[in-house]
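Step one of this worksheet: look at the structure below.
Protein chains: 2
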Amino acid sequence: MLSKKTKYGLKALAYLAAQSDKKPVQISEIAEKENISQKFLESILLSLRKTGFLGSKKGKGGGYYLIKSPEEISMTDIMRVLEGPIAMVPCVSLNFYETCDDCPDENTCSVHKLMLQVRDSALDVYRNNTLKDIIS
Amino acid sequence: MLSKKTKYGLKALAYLAAQSDKKPVQISEIAEKENISQKFLESILLSLRKTGFLGSKKGKGGGYYLIKSPEEISMTDIMRVLEGPIAMVPCVSLNFYETCDDCPDENTCSVHKLMLQVRDSALDVYRNNTLKDIIS
DNA sequence: TATTACCCTACTAATTTAATAGAGTTTTCA
DNA sequence: TGAAAACTCTATTAAATTAGTAGGGTAATA
Chain W
0 MLSKKTKYGL KALAYLAAQS DKKPVQISEI AEKENISQKF LESILLSLRK TGFLGSKKGK
60 GGGYYLIKSP EEISMTDIMR VLEGPIAMVP CVSLNFYETC DDCPDENTCS VHKLMLQVRD
120 SALDVYRNNT LKDIIS
Chain Y
0 MLSKKTKYGL KALAYLAAQS DKKPVQISEI AEKENISQKF LESILLSLRK TGFLGSKKGK
60 GGGYYLIKSP EEISMTDIMR VLEGPIAMVP CVSLNFYETC DDCPDENTCS VHKLMLQVRD
120 SALDVYRNNT LKDIIS
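Residue numbers (numbering that gives the first Met the number 0), protein chains in the order written: chain W, 0 to 135; chain Y, 0 to 135.
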């Protein structure tokens, strides 16, 4: 299940991407328009700033803005930052790999086999979508 | 993230599918071979029986066995029973649909748009794999 | 220099997951 | 027939994660 953090983060990014210019948008505006708790959204936008997706401007007329243009932002990167691993089990994760304590051998594990396919298919989707593609 | 329930359930099903005959296999045997807490596995197998995937036999020489043959069991059905919705948000779920309280319009929602593709790609994988396909 | 708006830390409530405990029931086989 | 094997069921709990809240701090700008 997609976490609210990811959901809200995506909505906020889409909101910013849909702006005609690159002027900073206040947290309060996004929170209101997208029905998100402002405080929660604050922490999400902060993490998107720290990971290089957003820039911010303080003081009057301040707010958040996209650093890159929407067509340069891959869903793969956003999902990894917001949601974490794309894989459903750590043993098939490219960026968050871990071995399973149970499972003596990945190569013969049926779960591994299936989840590898699921991961690849999800990656396909994320790689083929930029932020621009998902705004209507 | 895949729940342990689903992971263990899949492993147990695969274990049963790999049997040469259809004789009942004891919970304790599966639990030991697949490194699963026996009590936890009990409840998982029970739910797989109630949903028509497994049959059981009580008493000495009893245990669980597959009702259908492995190539007739679609991953789609198993995943829905063990993990629940395949979609990552309820608003794109085929079998567990729910509207979002936030989101005024699904058709213009960027999250909806993206997650629809992710769901379809996952479904593709699950529909193309039977229990037989994932045992090595 | 006052105001606006981002920045940061800490805490908490709710939910879900992953078990664990223990008693009960059915079936089989000797 | 009776004891053991093995499934069945309910209830409880511990741990982890998520989602949100509270509240003050800091920087920038008009």
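For glycine and all other residues, C-beta sits at the position ideal for the given N, C-alpha and C.
Please tell me whether residue i and residue j are closer than 8 Å, where the distance is taken between their beta carbons.
{"i": "G83 of chain Y", "j": "L47 of chain Y", "result": "no"}
{"i": "V110 of chain W", "j": "V124 of chain W", "result": "no"}
{"i": "T98 of chain W", "j": "C108 of chain W", "result": "no"}
{"i": "M78 of chain Y", "j": "T129 of chain Y", "result": "no"}
{"i": "A17 of chain W", "j": "I133 of chain W", "result": "no"}
{"i": "P69 of chain Y", "j": "K21 of chain Y", "result": "no"}
Just the C-alpha distance for residue i and residue j, rounded to the nearest angstrom, thanks.
{"i": "K112 of chain Y", "j": "N106 of chain Y", "result": "8 Å"}
{"i": "L40 of chain Y", "j": "Y63 of chain Y", "result": "12 Å"}
{"i": "K10 of chain W", "j": "I85 of chain Y", "result": "21 Å"}
{"i": "R126 of chain Y", "j": "E71 of chain Y", "result": "11 Å"}
{"i": "D104 of chain W", "j": "A121 of chain W", "result": "24 Å"}
{"i": "I35 of chain Y", "j": "C102 of chain Y", "result": "41 Å"}
{"i": "S42 of chain W", "j": "D100 of chain Y", "result": "21 Å"}
{"i": "G58 of chain W", "j": "L45 of chain W", "result": "16 Å"}
{"i": "Y94 of chain Y", "j": "K56 of chain W", "result": "What sits at residue 94 of chain Y in the sequence shown is Asn, not Tyr. Each residue's alpha carbon lies about 44 Å from the other."}
{"i": "S19 of chain Y", "j": "Y96 of chain Y", "result": "40 Å"}
{"i": "G54 of chain Y", "j": "K4 of chain Y", "result": "19 Å"}
{"i": "A13 of chain W", "j": "D119 of chain Y", "result": "22 Å"}
{"i": "D76 of chain Y", "j": "K6 of chain W", "result": "27 Å"}
Within a Cβ cutoff of 7 Å, which residues of the same chain sit near residue i, ignoring the five residues on either side of it in sequence?
{"i": "Q37 of chain W", "result": "I26, S27 and A30"}
{"i": "K117 of chain W", "result": "Reading off the sequence, residue 117 of chain W comes out as Val, not Lys. Cβ neighbours of V117 of chain W beyond the five flanking positions: M87."}
Taking the alpha carbon of residue i as the reference point, which residue from the options has its own alpha carbon closest?
{"i": "P60 of chain W", "options": "W:L93, W:G54, W:S73 and W:P23", "result": "Reading off the sequence, residue 60 of chain W comes out as Gly, not Pro. Checking every option, the nearest Cα to that of G60 of chain W belongs to W:P23."}
{"i": "L1 of chain Y", "options": "Y:L65, Y:N94, Y:V80 and Y:L15", "result": "Y:V80"}
{"i": "L15 of chain W", "options": "W:L44, W:L65 and W:R118", "result": "W:L65"}
Quick one: what's got a C-beta closer than 8 Å to residue i's C-beta in the same chain, skipping five residues either side?
{"i": "K67 of chain W", "result": "F52"}
Which same chain residues end up closer than 6 Å to residue i when comparing Cβ atoms and leaving out the 5 residues on each side of it in sequence?
{"i": "L115 of chain W", "result": "V91"}
{"i": "K49 of chain Y", "result": "none"}
{"i": "K32 of chain W", "result": "none"}
Hey, would you say the C-beta of residue i is under 7 Å away from at least one heavy atom of the ligand ADP?
{"i": "K10 of chain Y", "result": "Ligands in the displayed structure: none, and consequently the ligand ADP is not present."}
Exercise for the section: Run through the stretch 69-119 of chain Y for me and flag every whole alpha helix (DSSP H) of 4 or more residues, listed as ranges in chain order. Expected result: Every unbroken stretch of the alpha helix (DSSP H) spanning 4 or more residues and falling wholly within the stretch 69-119 of chain Y is given here in chain order: 74-81.
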